[in-house]
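To start, the structure itself, in structure tokens.
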Amino acid sequence: MKKIHLTGKLMALLCLIFIASSCMSGLEEVEEVQVTELPEEEISEIPESENLRKGRTFKYIEAFSNQITPYVVPNENPNIPVDQLTFLPGTGKGIARFMGRATSYINQLATSETTSIGAPVTQFYGEELAKLGLKKIPDEVSSVTVDRKGNAIFFKNLENIATPINETLTVFVAEVEIVGGTGRFRGASGEGIVEGRFNPTNGKGSSIVKASLRF
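Heads up: the sequence shown is residues 555 to 769, going by the numbering used here.
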């Protein structure tokens, strides 16, 4: 696998990462997400005595600062008429409702200069996730959000669409599906919208996810 520089057309591709959703207003430069940007009731953890009961729907939200590093690999898929594929793996740090502080692992496959689709998160982060106790993750999972106790939510990312604003700012939006998880989120499902902002010159971005979480 070959690491590449953030130049040329790839800079436009960088903005296509999965990250998560809620309308983000303004077109200022990318800044790190702060815990104070979310109301306390939106980020509080579940008390140890309380469980997420089956048959209920919850509002889920997460806010992250992210770092994406593109990789080019040889194309072994005969159905895709290109010599190389550009993947957009990355990690994020932030907060999530029902988790508190959490970490995210993501992976995308660029399909054009302004679009990408989800790719298996284990392609680049299988070892890291296994160390957290997250094994046998299905290939459809392109993003994982996990807390310090090993509770995790699995996301399947659909097409991402990016809109360049200027040289250092691109905004993006995507739809995601919740396709399971571990711990308190085992058997979870749902859907959400992804919106965020991204600096294509250095791979840094921030995002918020809002979704319906069902059990």
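For every residue, glycine included, the Cβ atom is placed at its ideal position computed from N, Cα and C.
Looking only at Leu688, Leu686, Arg702 and Val675, the smallest Cα-Cα distance to valine 695 is reached by Val675. In the DSSP assignment, glutamate 682 falls outside any beta strand (DSSP E) and lies within the alpha helix (DSSP H) extending over 676 to 685. With fewer than 16 other CB atoms across the displayed protein chains lying within 10 angstroms of its CB, isoleucine 634 is exposed. Closest in C-alpha terms to isoleucine 615, from the list Gly759, Glu749 and Lys764, comes Lys764. Between serine 666 and valine 725, the alpha-carbon positions lie close to 16 Å from each other. One alpha carbon belongs to phenylalanine 641, the other to threonine 623, and they sit about 9 Å apart. Look at glycine 741 here: in three-state DSSP terms it is coil, with no helix or strand label. The closest CA to that of phenylalanine 709, considering only Leu767, Val730, Pro718 and Lys703, is found on Val730.
Under the three-state reduction of DSSP, glutamate 630 is assigned to coil, being neither helix nor strand.
Around the beta carbon of aspartate 693, fewer than 16 other beta carbons lie within 10 angstroms, which makes this residue exposed. Rounded to the nearest whole angstrom, the CA to CA distance from lysine 689 to threonine 736 is 10 Å. When DSSP states are grouped into helix, strand and coil, asparagine 661 belongs to the coil group. With respect to threonine 717, threonine 645 sits apart: the two C-beta atoms are not nearer than 9 Å. Shown here, alanine 673 sits in coil according to DSSP, grouped into three states, outside any helix or strand. A Cβ-Cβ separation of about 7 Å places phenylalanine 769 in contact with glycine 609 under the 8 Å criterion. The shortest C-alpha to C-alpha distance from glutamine 662 to any of Val733, Leu712 and Ser743 is the one to Leu712. When Leu686, Leu639, Asn753 and Ile732 are compared, the shortest CA-CA separation from lysine 613 is found for Ile732.
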